[in-house]
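K.L.:
Below you will find the structure I want to go over with you.
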Amino acid sequence: EEANVAVGQLLLVLKVCGNFKSTYFDYKAKVASECPQNQWSIQNGALFARLDCFIERSHDILDLTKTIIQFSKLAKVEIGGTKGSTLTSTIQQIKDDFQRSVDAVKDLKY
7 EEANVAVGQL LLVLKVCGNF KSTYFDYKAK VASECPQNQW SIQNGALFAR LDCFIERSHD
67 ILDLTKTIIQ FSKLAKVEIG GTKGSTLTST IQQIKDDFQR SVDAVKDLKY
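Now the structure itself:
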C-alpha cells in the first residue's frame with residue numbers, strides 16, 4: 007500500500023519536473039523567434055544540472071519502489087506439485103533476502 011502511494015507521488019514529481027523543463031524550453035524558443043537580438047544565452051547543462059540529477063535519482067527510486075511491489079507479491083505465492091513446498095520455501099527465502107536488503111537501505115544514515 008505504502009509503495010503504491012510512493013509510485014504515484016514519484017510519477018507526479020517526475021511529471022512536474024518534466025513540465026518545468028518543457029515550459030522553460032518553450033519560452034526560450036519563443037524568445038529566440040520573437041526577439042532574436044536578445045536571446046537567452048545560458049547553457050542548458052549549467053541551468054538544469056541539479057534538476058537533472060534529482061530527476062535521475064527519482065527514476066532510480068521509482069524503479070526500486072516498483073521492484074519492492076513486485077517482490078511483495080511473492081508473499082502470496084504457493085506452488086503445488088511434488089516439489090511445490092521446496093519451490094515455495096525457496097521463493098519465500100528470496101523474498102526475505104530482498105526485504106532484508108531493502109531494510110538495510112532504509113536504515114542508512116545520510
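For the sequence shown, position 59 (counting from the first letter as 1) is numbered 65 according to the working numbering, and the numbering increases by one without interruption. C-beta atoms are modelled at their ideal positions from N, C-alpha and C, and glycine is treated no differently. Fair warning: this is a prediction, and the values are worked out from it, not measured in the lab.
What do you reckon, are the CB atoms on residue 9 and residue 74 nearer than 7 Å?
P.N.:
In the sequence shown, residue 9 corresponds to position 3, counting from 1. In the sequence shown, residue 74 corresponds to position 68, counting from 1. Yes, the Cβ-Cβ distance between residue 9 and residue 74 is below 7 Å.
K.L.:
Quick check on DSSP: helix, strand or coil for residue 88?
P.N.:
For the purposes of this step, residue 88 is taken as the residue at position 82 of the sequence shown. It is coil, neither helix nor strand.
K.L.:
Can you give the Cα-Cα distance for residue 90 and residue 107, rounded to whole angstroms?
P.N.:
Within the sequence shown, residue 90 is the residue found at index 84, counting from 1. Within the sequence shown, residue 107 is the residue found at index 101, counting from 1. Answer to the nearest angstrom: the Cα atoms are 26 Å apart.
K.L.:
For residue 92, is the classification buried or exposed, using 16 other Cβ atoms within 10 angstroms of its Cβ as the cut-off for buried?
P.N.:
On the sequence shown, position 86 is the one that residue 92 refers to. Flag for residue 92 reads exposed.
K.L.:
Using beta-carbon positions only, say whether residue 114 and residue 101 come within less than 7 Å of one another.
P.N.:
On the sequence shown, residue 114 is found 108 positions in, with the first residue counted as 1. On the sequence shown, residue 101 is found 95 positions in, with the first residue counted as 1. Not a contact, by the Cβ cut-off of 7 Å.
K.L.:
Taking one C-beta from the stretch 48-60 and one from the stretch 19-35 each time, how about it: are there three or more such pairs within less than 8 Å?
P.N.:
The stretch 48-60, when compared against the stretch 19-35, does touch it at the 8 Å Cβ threshold.
K.L.:
Along the alpha helix (DSSP H) that carries residue 53, what are the first and last residues, could you check?
P.N.:
Within the sequence shown, residue 53 is the residue found at index 47, counting from 1. Counting along the chain, the alpha helix (DSSP H) containing residue 53 begins and ends at 50-78.
K.L.:
Please report the straight-line C-alpha distance between residue 84 and residue 111, rounded to a whole angstrom.
P.N.:
Along the sequence shown, read from residue 1 onward, the residue named residue 84 stands at position 78. Along the sequence shown, read from residue 1 onward, the residue named residue 111 stands at position 105. So the alpha carbons of these two residues sit roughly 28 Å apart.
K.L.:
Do residue 104 and residue 60 have their C-beta atoms closer together than 7 Å?
P.N.:
If you number the sequence shown from 1, residue 104 lands on position 98. If you number the sequence shown from 1, residue 60 lands on position 54. No, the pair does not count as a contact, with Cβ atoms beyond the cut-off.
K.L.:
For residue 16 and residue 57, which I take to be in contact (beta-carbon distance under 8 Å), what is that distance rounded to the nearest angstrom?
P.N.:
Here residue 16 is taken as the residue at index 10 of the sequence shown, counted from 1. Here residue 57 is taken as the residue at index 51 of the sequence shown, counted from 1. That belief does not hold up - the Cβ atoms of residue 16 and residue 57 are roughly 15 Å apart, past 8 Å.
K.L.:
Among 66, 72, 46, 94, which has the Cα closest to the Cα of residue 11?
P.N.:
By one-based count along the sequence shown, residue 11 stands at place 5. Among 66, 72, 46, 94, the Cα nearest to that of residue 11 is on 72.
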